[in-house]
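Enquirer: When we follow the numbering used here, the leftmost residue of the sequence shown carries the number 20, and every step to the right adds one.
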Amino acid sequence: MSKFCLYGEKKMELKLPLIAAIDVGSNYIQMIIAELNPEGQIKILEDVIQPTAIGRDTFTMGRIDRKTIQETCEILKGFSQLLKDYRVKDYHAVGTSGIREAENREYVLELIRLKTKIEVEIINSAQERFFMYRALRSRLPGPLLAEQTTLIVNLASGGVETSIYEKGALIFTEYLKIGSLRLRETLADLEAKSINFPAVMEEFIDSKTSLLKRFLQDIKFTNFIMIGNEVRTVANLCGEDQRIEVEDFTKLYEKLLIMTDDQITRTCGLVKNQADTFLPTVITLHCFLKLTHARQIYVPDISLKNGLIHDLADGLIESPQSKDSLNDMISSVWYIANRFGADRRHAEQVEKLALSLFDQTGKIHGLGQQERLYLQVAAILHAVGYFISFTDHQEHAYRIIRHHNIMGLSARDLILIANIVRYNTQESPSHQDENYEGLMDRDKIVVSKLAALLKLAEALDVSHKNKVEKVEVHRKGEQLIFTMYSWQDPFLEEWTFQNCSSLFEEVTGMQVIVKRKGLSL
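Printed below as a string of structure tokens:
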């Protein structure tokens with residue numbers, strides 16, 4: 020995850036470092052400043068929120084209006100001053116769908132940088148999901164996700180993220196562009212013409228979720244978790260904090276259906292920004308609630324900024340929740356692999372061997388944990404292209420990965436992983452290839468090194484028979500000796516490994532020597 024230093028300085032070694040998270044959202048701009056203790060516990064010092072018209076502009080006009088940009092910069096100037104007052108050096112500022120989908124997003128980000136000195140990173144829906152579930156892990160009781168089947172609906176201004184946890188693992192996730200503010204703006208013309216606009220809105224939501232519902236209808240959900248800015252308001256109106264009885268929610272839903280916007284605003288005590296998105300929020304949640312057998316709705320008090328602050332903290336002090344978040348990411352990758360018919364036993368073997376080679380050759384390739392994650396994802400997904408065709412399967416795999424939203428990974432991450440898989444054949448990266456030539460020089464090196472490792476790992480299971488139990492790597496001068504340990508004769512694996520080693524030799528400057536040893540009972 021990208022993190023920036025406000026004054027361009029290195030992180031200070033403080034006993035109690037201060038960190039901050041900024042969410043430049045579609046409906047609100049928010050920031051929290053927190054103190055982190057040596058045990059990794061977070062104490063919130065400031066929690067500020069301001070309304071914005073970013074989403075309204077983008078979802079209606081496709082661009083962010085000059086006045087909205089000015090207002091955004093003024094808000095962020097205030098945030099910047101707070102960061103200076105608290106002497107915060109480590110912060111993470113992100114923009115979501117409101118800026119991401121704006122035609123003039125580059126200009127907006129540059130004006131924010133020049134006027135406020137704050138660097139805003141545009142994140143995709145998959146990264147947003149990662150941060151939200153990082154926050155969720157910090158608030159929910161462990162057994163809720165570990166022991167039961169849970170449906171999670173994260174309703175934002177721009178879209179709805181739907182996820183399923185089963186026995187602690189994330190097994191499904193999907194993003195739909197039917198967020199509360201987007202719905203309101205999309206259906207604005209119909210609202211003026213319809214005498215029963217809530218019914219029209221619900222019918223529209225049903226039409227957009229029909230395929231998803233067919234997938235979900237056979238799953239018996241024990242729990243239903245709602246996340247989103249307006250979800251807290253729903254809980255408050257039901258007289259609850261962390262849990263809402265389904266009966267109480269249904270009563271609120273039925274009550275709101277027969278009320279005008281003005282009546283909803285007055286009765287529920289909403290401000291203008293909330294009033295526009297509150298009814299779409301309730302109707303959308305009702306549509307998803309019908310798919311579950313839950314008697315209660317869990318409403319954890321979290322938002323994107325909470326996930327950002329926990330992610331920043333994880334970068335300083337590792338926590339059990341950070342490992343859970345990584346597991347969520349890998350689970351979502353396996354979901355994609357299974358969806359495209361991957362040979363799981365083979366993919367697991369390639370993953371195991373690739374990571375082993377990466378770890379043992381660390382001093383040679385000089386790459387870090389983020390690159391290790393790229394290799395792991397590439398190893399799991401390296402054969403998904405066969406689902407499309409056996410011919411040019413690596414090209415199909417490239418396109419599948421490039422255009423998938425994988426939880427926690429940015430567009431750049433996906434481009435690198437897709438290229439790593441693309442060169443997982445006899446072909447090597449070439450400047451004649453537009454995909455490769457379009458990469459930054461540093462990224463070309465990363466792709467080449469990881470593609471070389473993936474080639475070797477797949478060669479070690481070319482027969483798909485899991486012959487090789489492990490590989491040990493030893494350096495002898497300018498030679499790297501790879502010793503394969505196997506229960507069976509790995510002749511084919513040894514021959515393929517040797518033939519696939521040229522790229523590794525080229526990018527590391529080392530000569531590859533292959534040996535094999537048999538294992539005995």
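We put the beta carbon where it would ideally sit given N, CA and C, even for glycine.
Given the structure is predicted, the values throughout are model-derived calculations rather than measurements.
#1: Use the C-beta contact count for SER182: other C-beta atoms within 10 angstroms, 16 or more gives buried, fewer gives exposed.
#2: What residues are listed by DSSP as bridge partners for PRO319?
#3: List the residues that DSSP assigns as beta-bridge partners of GLY114.
#4: Buried or exposed: where does HIS415 fall if 16 or more other Cβ atoms within 10 Å of its Cβ makes it buried?
#5: Distance, Cα to Cα, LEU133 vs PHE223?
#6: Helix, strand or coil: which one does DSSP assign to MET220?
#7: Straight-line CA distance for LEU555 to ARG431?
#8: When DSSP builds the beta bridges, which residues end up paired with HIS448?
#9: Can you grab the Cα-Cα spacing for the pair GLY381 / ASP225, in whole Å?
#10: Rank SER45, ILE48, GLN60, VAL43 by C-alpha distance to the C-alpha of ALA332 and give the top, closest one.
#11: If you reduce the DSSP assignment to three classes, tell me which class LEU540 lands in.
#12: Give me the Cα-Cα distance between PHE268 and GLY334, rounded to the nearest whole angstrom.
#13: Could you say which of TYR126, VAL139, ALA72, GLN315 lies nearest to SER99 if we only look at CA atoms?
#14: If you draw a straight line from the C-alpha of GLN69 to the C-alpha of THR91, how long is it?
#15: Measure the C-alpha to C-alpha separation of THR311 and PHE243 and round it to an integer number of angstroms.
#16: DSSP three-state call for LYS239: helix, strand or coil?
#17: Any chance you could list the alpha helix (DSSP H) runs of at least 4 consecutive residues sitting entirely within the region 295-370, in chain order?
#18: Give me the Cα-Cα distance between VAL403 and GLY74, rounded to the nearest whole angstrom.
#19: Given a cut-off of 7 angstroms on the beta-carbon distance, is the pair GLU147 and THR192 in contact?
#20: Less than 7 angstroms between the C-beta atoms of LEU469 and ILE439, yes or no?
#21: By the three-class DSSP mapping on this structure, what secondary structure does ASP480 have?
#22: If you run the structure through DSSP and keep just helix, strand and coil, what is ASP109?
#23: On the criterion of 16 or more Cβ atoms from any shown chain inside 10 Å, does PHE409 qualify as buried, or is it exposed?
#24: Quick one: using the 10 Å Cβ neighbour count with 16 as the cut-off for buried, is LEU230 buried or exposed?
#25: Return the CA-CA distance between GLU180 and HIS493, expressed in angstroms with no decimal places.
#26: Is there contact between the region 368-376 and the region 417-427, where contact requires at least three CB pairs shorter than 8 angstroms?
#27: Please state the DSSP three-state secondary structure of ILE94.
#28: Can you give me the C-alpha to C-alpha distance between GLN507 and GLU367, rounded to a whole angstrom?
#29: My guess is that ILE48 and ILE88 are in contact by the Cβ rule of under 8 angstroms, so how many angstroms apart are they, rounded?
#30: Buried or exposed: LYS29, going by 16 or more other Cβ atoms within 10 Å of its Cβ?
Expert: A quick look at the data gives this:
#1: Residue environment: SER182 is assigned as buried (16 or more neighbouring CB atoms within 10 Å of its CB, all protein chains considered).
#2: Answer is none; PRO319 lacks a bridge partner.
#3: Beta-bridge pairing links GLY114 to VAL43, ILE141.
#4: Buried, since its Cβ has 16 or more Cβ neighbours within 10 Å.
#5: Rounded to the nearest whole angstrom, the C-alpha separation of LEU133 and PHE223 is 41 angstroms.
#6: Here MET220 sits in helix by DSSP.
#7: This structure cannot speak to residue 555, because the chain is shown only from 20 to 540.
#8: Note that residue 448 is Pro in the sequence shown, not His. DSSP lists no partner for PRO448.
#9: Their backbone Cα atoms lie some 51 angstroms apart in a straight line.
#10: Of the candidates SER45, ILE48, GLN60, VAL43, the one whose C-alpha sits nearest the C-alpha of ALA332 is GLN60.
#11: Caution applies to LEU540, whose pLDDT of 41 falls short of 50 and renders its modelled position unreliable; the value that the coordinates give is listed next. For LEU540, the three-state secondary structure derived from DSSP is coil.
#12: Answer to the nearest angstrom: the Cα atoms are 39 angstroms apart.
#13: Nearest option by C-alpha distance: VAL139.
#14: Going from the Cα of GLN69 to the Cα of THR91 covers about 9 angstroms.
#15: THR311 and PHE243: Cα-Cα distance of roughly 7 angstroms.
#16: For LYS239, the three-state secondary structure derived from DSSP is coil.
#17: With a minimum length of 4 residues, the continuous alpha helix (DSSP H) runs that stay inside the region 295-370 are 323-335, 339-358.
#18: Here the alpha carbons of GLY74 and VAL403 stand approximately 36 angstroms from one another.
#19: No; because the gap between Cβ atoms is not below 7 angstroms, this pair is not in contact.
#20: Yes. Within cutoff.
#21: For ASP480, the three-state secondary structure derived from DSSP is coil.
#22: Three-state DSSP puts ASP109 in a strand.
#23: Residue burial is scored here from C-beta neighbours: PHE409 has fewer than 16 other C-beta atoms within 10 angstroms and is therefore classed as exposed.
#24: So LEU230 counts as exposed.
#25: GLU180 and HIS493: Cα-Cα distance of roughly 46 angstroms.
#26: The way I'd put it, the region 368-376 doesn't touch the region 417-427; fewer than three beta-carbon pairs between them come closer than 8 angstroms.
#27: Helix at ILE94.
#28: Straight through space, the alpha carbons of GLU367 and GLN507 are spaced by roughly 19 angstroms.
#29: In this structure, ILE48 and ILE88 do not form a Cβ contact; the two beta carbons are roughly 12 angstroms apart against a cut-off of 8 angstroms.
#30: Residue placement at LYS29 is poorly supported in this model, since its pLDDT is 39, which falls under 50; the coordinates still yield a value, given next. It counts as exposed.
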